[in-house]
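Undergrad: Take the sequence shown: its position 246, counted from the start at 1, is 835 in my numbering, and no numbers get skipped.
Note that the Cβ used here is the ideal one computed from N, Cα and C, for glycine as well.
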Amino acid sequence: MSELKKFTLKHVLDVSAKKYSNNPSVSFVNKSPITYSDFKLKIDETIKFLKSVGITSGDKVAILSENQPNWGIAYFAITSMGAVAVPIMTEFHTTEVHHILRHSESKAIFVSAKYFNKIEEFDSSDLNTKILLDDFSVIPLQTKNDLIKEVITGAKQEFAKIKEAAFKFVGLISEEVEEDDLALILYTSGTTGHSKGVMLTHKNVVSNAVATLKIVYADERDRFLSILPLFHTFESTLGLVIPIMVGASIYYIDKPPTPAVLLPAFQKVKPTVMLAVPLVIEKICRNKIFPEINKKFIVRNLYKIPAVRKKLNQIAGKKLMQTFGGQLRMFCIGGASLAEDVELFLKEGKFPYAIGYGLTETSPLVAGTNPENVRFRSCGKPILWSQVKIDNPDPKNGEGEVLIKGPNVMKGYYKDPEKTKEVFTENGWFKSGDLGVFDKDGYLYIKGRSKNVIIGPNGKNIYPEEIESIINSLPFVAESLVMEKGEILIAKIYPNYDEIDLHYNIKKQSEPEVREIKNKIFSNLLTQINERVNTFSRINKIIEQTIPFEKTPTQKIKRFLYIEN
590 MSELKKFTLK HVLDVSAKKY SNNPSVSFVN KSPITYSDFK LKIDETIKFL KSVGITSGDK
650 VAILSENQPN WGIAYFAITS MGAVAVPIMT EFHTTEVHHI LRHSESKAIF VSAKYFNKIE
710 EFDSSDLNTK ILLDDFSVIP LQTKNDLIKE VITGAKQEFA KIKEAAFKFV GLISEEVEED
770 DLALILYTSG TTGHSKGVML THKNVVSNAV ATLKIVYADE RDRFLSILPL FHTFESTLGL
830 VIPIMVGASI YYIDKPPTPA VLLPAFQKVK PTVMLAVPLV IEKICRNKIF PEINKKFIVR
890 NLYKIPAVRK KLNQIAGKKL MQTFGGQLRM FCIGGASLAE DVELFLKEGK FPYAIGYGLT
950 ETSPLVAGTN PENVRFRSCG KPILWSQVKI DNPDPKNGEG EVLIKGPNVM KGYYKDPEKT
1010 KEVFTENGWF KSGDLGVFDK DGYLYIKGRS KNVIIGPNGK NIYPEEIESI INSLPFVAES
1070 LVMEKGEILI AKIYPNYDEI DLHYNIKKQS EPEVREIKNK IFSNLLTQIN ERVNTFSRIN
1130 KIIEQTIPFE KTPTQKIKRF LYIEN
């Protein structure tokens, strides 16, 4: 990092390609890795091609693809030539993808074969170049349904001809990229349902990566296993820019990250660093670890004794480490709140987890910690250069909205000055919309979203996320959502049907018997919930959610779809 004289993605790439030229950079798990020198070479070739089709500094170039090594090549090529990358969430509906392409005025797009159908019918005078990301072949703009196969399999020849002709006339001219130049526009899909184009500069991203490396350590010996989508800034900054910055290697899986795919990948890569949203580790704990502890009556009761629980958690923690390949030294969790019971297990099990807090608008990290300094239920301290304060704190508990200022804070929302103005105070503080509080040592605790707070009949604040954390830790619960209906609190619960079937064999029961079993479970849950929450936060009713809640890419429930006005 000491070699960085300029906070631009181009400078990060240039320094690392020279310093770590023979190191492996990016790779699929079961493929030969690309060295840093080859990584840079492929980026330079891609830049030449983009220039040959008329892409210049400031132009928008979209990326629509699952994680793969070529994603990083496209990302660095676009940003290193001074153009603006527009990563698009693969979960977006076709109409939303089209809207983003039009709104951003993207002139080119890198798209994988898997998601080509989402842009196949897109027609715009701005978008004049489509590139298949899987092999960097050119997709003819007039492609129709009956030509898809031909495009994907035969376009390499056309690309070779274009590239050969282009390279005769287009030299790789080194264009200066400045720190305050726009690098990315990220269209968010938040819990409120409103997609906004977050504008991040080179300095936003690179300063955030540098500041993160002041609290966590990573170097060229590290192996990152990437399982979160690269179109999210959590993964693209912390899981792509940081490892490239320190000369580490990054591995991708070429299938959806199911247990059957992940387990052999862990053993093959033996990752030292991973980034994950809470749902990943929560599923492992609730589906594998906790059932093992609870299946025997004696163990289940001994687990209630703190000293015994710690010992059992340490044994289970060691097994969990081996599951991840045995060499994991940092498991970074962010994007949403980690369930309390799962965090307690990780802490007592001495699993090397680290917690962070951030937003797309802050590139993303605002506060964080390393595994050695984790404080239970906290997301750590503000990172270097990031100023954080609590606005209008409650006199009783110090809670208030988290305000942020620093080089990691976005320029604003693309083409939306009104929305931009709404989220900044008059003196330039970004309003996160999150409620938080600091402890005496400067550790930040996030309580929930300010928009989600429910004001109880006695005027007290009720944080649904805190109640949901308690509910999700109970038997037979997969996930939950707490809301106000009229003047009462209700909880929508999506049950863990596999766990219920394991205990009650409901697949062989009649419909009335299944109904009776579920009623008994929900009745018991209601009692257990209300024994653990404040009197003013008690749940009055449980409603069964029969299908999983729809979520954002960071696995936060899209509350706006379920909250009843």
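#1: From V830 to A865, what distance separates their C-alpha atoms?
#2: Could you give the DSSP three-state label for G924: helix, strand or coil?
#3: Which complete beta strand (DSSP E) runs does the stretch 805 to 874 hold, if anything under 3 residues is left out?
#4: Among V1103, N1050, K1010, E932, whose alpha-carbon lies nearest the alpha-carbon of P982?
#5: For D627, which of helix, strand or coil comes out of DSSP?
#6: Is the beta carbon of A674 closer than 7 Å to that of F699?
#7: Thinking just about the alpha-carbon of each residue, which of A800, Y841, K620, S784 is nearest to the one in L593?
#8: Which value, in whole angstroms, describes the spacing of the CA atoms of H692 and K1029?
#9: Kindly indicate which three-state DSSP category T1143 falls into: helix, strand or coil?
#10: Apart from the five residues just before and just after L992, which ones in its own chain have a Cβ nearer than 8 Å to its Cβ?
#11: DSSP three-state call for P971: helix, strand or coil?
#12: Roughly how far, in whole angstroms, is the beta-carbon of A1080 from the beta-carbon of I1131, given that I think they are within contact range, below 8 Å?
#13: How far does the alpha helix (DSSP H) with P676 in it reach, from first residue to last?
#14: Just confirm the distance between the C-beta atoms of K970 and Y1032, as a whole number of angstroms; I'd bet it's less than 8 Å.
#15: Who are the near neighbours of F855 in its chain, counting only those whose CB is closer than 8 Å to its CB and skipping five residues on each side?
#16: Please confirm whether G995 and S975 have their CB atoms less than 7 Å apart.
#17: Would you call the stretch 648 to 667 and the stretch 709 to 727 touching, i.e. three or more CB-CB distances under 8 Å?
#18: Does DSSP classify P1053 as helix, strand or coil?
#19: For the alpha helix (DSSP H) that contains R1104, what are its first and last residues?
#20: So, using beta-carbon positions, are I708 and I689 closer together than 7 Å?
#21: Let me check understanding here. Comparing Cα to Cα, which of D843, S784, R1148 lies closest to K577?
#22: To the nearest angstrom, how far is it from the Cα of K1213 to the Cα of I904?
#23: Going by the beta-carbon positions, is the gap between L948 and I972 smaller than 7 Å?
#24: When the distance is taken between beta carbons, is E988 closer than 7 Å to L1024?
#25: Going by beta-carbon coordinates alone, are T1141 and S778 separated by less than 7 Å?
#26: What's the gap between the Cα of V787 and the Cα of D648?
#27: Just to confirm my understanding: we take T624, look at its own chain, exclude 5 residues before and 5 after, and list those with CB closer than 8 Å. What are they?
#28: Does DSSP classify E634 as helix, strand or coil?
#29: Of all the beta strand (DSSP E) runs that stay within the bounds of the stretch 1021 to 1052, which reach a length of 3 or more residues?
#30: To the nearest angstrom, report how far apart I667 and N1094 are at their CA atoms.
#31: Alpha carbon to alpha carbon, what distance is there between N1085 and M834?
#32: Taking three-plus beta-carbon pairs below 8 Å as touching, is the stretch 1089 to 1109 in contact with the stretch 1033 to 1052?
#33: With H, G and I counted as helix, E and B as strand and the rest as coil, what does DSSP make of S1126?
#34: Between I873 and P832, what straight-line distance do the alpha-carbon atoms span, to the nearest angstrom?
#35: Suppose you measure from the CA of E932 to the CA of K899; what does that come to, to the nearest Å?
#36: My output table needs one value for Q976: the three-state DSSP class, helix, strand or coil.
TA: From the atom records:
#1: V830 and A865: Cα-Cα distance of roughly 16 Å.
#2: The answer is coil: DSSP assigns G924 none of H, G, I, E or B.
#3: Listed in chain order, they are 812 to 815, 838 to 841, 862 to 865.
#4: The residue among V1103, N1050, K1010, E932 with its C-alpha nearest the C-alpha of P982 is N1050.
#5: It is helical.
#6: The answer is no: Cβ separation not under 7 Å.
#7: Minimum Cα-Cα distance from L593 among the listed residues A800, Y841, K620, S784 corresponds to A800.
#8: Distance between the alpha carbons of H692 and K1029 is about 45 Å.
#9: Reduced to three states, the DSSP call for T1143 is coil.
#10: V977, K978, I979, D980, T1014, W1018, F1019, K1020, S1021, listed in sequence order.
#11: In the three-state DSSP reduction, P971 falls in the strand class (E or B).
#12: A Cβ-Cβ separation of about 5 Å places A1080 in contact with I1131 under the 8 Å criterion.
#13: Per DSSP, P676 belongs to no alpha helix (DSSP H); it is in the beta strand (DSSP E), 673 to 676.
#14: The beta-carbon separation of K970 and Y1032, rounded to 6 Å, stays under the 8 Å limit for a contact.
#15: Answer for F855: L814, T912, F913, G914, listed in chain order.
#16: It is a contact, given that the beta carbons lie within the stated cut-off.
#17: When C-beta atoms of the stretch 648 to 667 are compared with those of the stretch 709 to 727, three or more pairs fall below 8 Å, so the two segments count as touching.
#18: Reduced to three states, the DSSP call for P1053 is helix.
#19: Its alpha helix (DSSP H) spans residues 1100 to 1121.
#20: Not closer than 7 Å, so no.
#21: In the structure displayed, the chain extends from 590 to 1154; residue 577 sits before or after that span and is not available.
#22: Residue numbering for the chain in the displayed model covers 590 to 1154; residue 1213 lies beyond these limits and cannot be assessed.
#23: No.
#24: E988 is positioned such that its CB atom lies closer than 7 Å to that of L1024.
#25: For T1141 and S778, yes; Cβs fall inside 7 Å.
#26: In a straight line, the C-alpha of V787 is about 16 Å away from that of D648.
#27: For T624, where only same-chain residues beyond five positions count, the Cβ hits under 8 Å are S610, N611, N612, P613, S614.
#28: E634 falls in the helix class under three-state DSSP.
#29: If we require 3 residues or more, the beta strand (DSSP E) runs fully inside the stretch 1021 to 1052 come out as 1033 to 1038.
#30: Distance between the alpha carbons of I667 and N1094 is about 55 Å.
#31: Inter-residue distance for M834 and N1085 is about 41 Å (C-alpha atoms, whole angstroms).
#32: Verdict: no, contact absent.
#33: The three-state reading of DSSP puts S1126 in helix, counting H, G and I together.
#34: Taking the straight line joining both Cα atoms gives about 26 Å.
#35: Spanning the two alpha carbons is a distance of roughly 13 Å.
#36: If DSSP states are grouped into helix, strand and coil, Q976 belongs with the strands.
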